[in-house]
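A.B. asks: Residue numbers (this note's numbering), protein chains in the order written: chain V, 1 to 114; chain R, 1001 to 1114. C-beta: ideal position from N, C-alpha, C; glycine also. Computed from a predicted structure; not experimentally measured.
2 protein chains.
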Amino acid sequence: MSNYDFNIRERAEMFKALGNPHRLAIFHRLVACCMPGTLCDTDCVERFTVGRLGDGLDIAPSTLSHHLKELNRAGLIEMRRNGKMVECWIEPDMLDNLGSFFAIPRDELMRNTK
Amino acid sequence: MSNYDFNIRERAEMFKALGNPHRLAIFHRLVACCMPGTLCDTDCVERFTVGRLGDGLDIAPSTLSHHLKELNRAGLIEMRRNGKMVECWIEPDMLDNLGSFFAIPRDELMRNTK
DNA sequence: ATCATAATTCGACATATTTCGAAATATAGA
DNA sequence: TCTATATTTCGAAATATGTCGAATTATGAT
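#1: At 9 angstroms on the CB atoms, spell out the chain R contacts of V/ILE26, in chain order.
#2: I want to know whether the stretch 77-92 of chain V touches the stretch 1070-1084 of chain R - three or more CB-CB distances under 8 angstroms.
#3: Taking 8 angstroms as the CB-CB cut-off, is R/LYS1069 touching chain V?
#4: Going along chain R, which residues have a C-beta under 7 angstroms from V/GLY19?
#5: Would you check if the stretch 1080-1096 of chain R and the stretch 1026-1033 of chain R touch, i.e. whether three or more CB-CB distances between them fall below 8 angstroms?
#6: If you drop the 5 nearest sequence neighbours on each side, which residues of the same chain put their C-beta closer than 7 angstroms to that of V/ARG29?
#7: When Cβ atoms are compared, which residues of the stretch 1048-1079 of chain R fall closer than 9 angstroms to chain V?
#8: Report back the beta-carbon spacing between V/PRO144 and R/ALA1012 to the nearest angstrom; my notes put them in contact at under 8 angstroms.
#9: Could you name the residues of the stretch 89-104 of chain V whose beta carbon sits closer than 8 angstroms to any beta carbon of chain R, in the order they occur along the chain?
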């Protein structure tokens, strides 16, 4: 159904990326807001610049950039330059895929229904 | 509904624990199998000993023990000694909680439905 | 009590990560 | 072209992690 299919090593890379409090905070901000390709696209685009994502995190710009790069390398976020700024967002399908990793297998659900 | 409520730092600890390929493989084995407090309890208990969890991972017992401890400390797995062996398992509620972290917020889902 | 098996603790070492500041790059606007 | 702003790259330092082997602890069996 989706074009996301990861092996254990790739998934570990993703979770490792989420395993840093700063990166997780950034990721969570992106999850909590809207995503491109959706109705709220134009409303929120300016809120997703690299600079904004670092607000309140108290880290150097170079550190922020490094973390964003890690999230991007792990395949968790998308980035695109738009003029002077770089915009970041999450693809909803990616989120679905991540969540499904924690789903109890179908047949176990069957057997476990008491 | 559930008694799991984690802040960003605690969640980052969880994802960090899952961010190692060996630990993720171990965790995945536990997810893919049944859990205590369920019908399949007695069938599978012997499959969850520490020793079995390390099968095929090609790591020293001390390393395996270390990884299990990390998963346990992060709150991802449960451990209980049963005779000579130590059994490991995952609480289904924990899994639900982890998965829900990646759920697109309700009102965003509304707005994004095109 | 002794032995064998399962698992953990400890200490050590190599490697990886986080973080920063300084310098470099990209781009819009005067 | 020059300037200001946004972001990235680079190099260095401190800290954390993954791994092992040796020693230790826990438990059941002889």
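C.D. replies: Let's see:
#1: What V/ILE26 touches in chain R, judged by beta-carbon distance under 9 angstroms, is nothing: the nearest beta carbon there is about 10 angstroms away.
#2: They do not touch, by the three-pair rule.
#3: For R/LYS1069, the closest Cβ of chain V is not nearer than 8 angstroms.
#4: In chain order: ALA1012, PHE1015, LYS1016 and GLY1019.
#5: Segments in contact, yes.
#6: Hits under 7 angstroms: LEU53.
#7: Cβ contacts with chain V come from no residue of the stretch 1048-1079 of chain R.
#8: A query on residue 144 of chain V cannot be resolved here, the shown segment of chain V reaching from 1 to 114 and no further.
#9: Taking 8 angstroms as the Cβ-Cβ cut-off, the stretch 89-104 of chain V approaches chain R at PRO92, LEU95, ASP96, LEU98, GLY99, SER100, PHE101, PHE102, ALA103 and ILE104, given in chain order.
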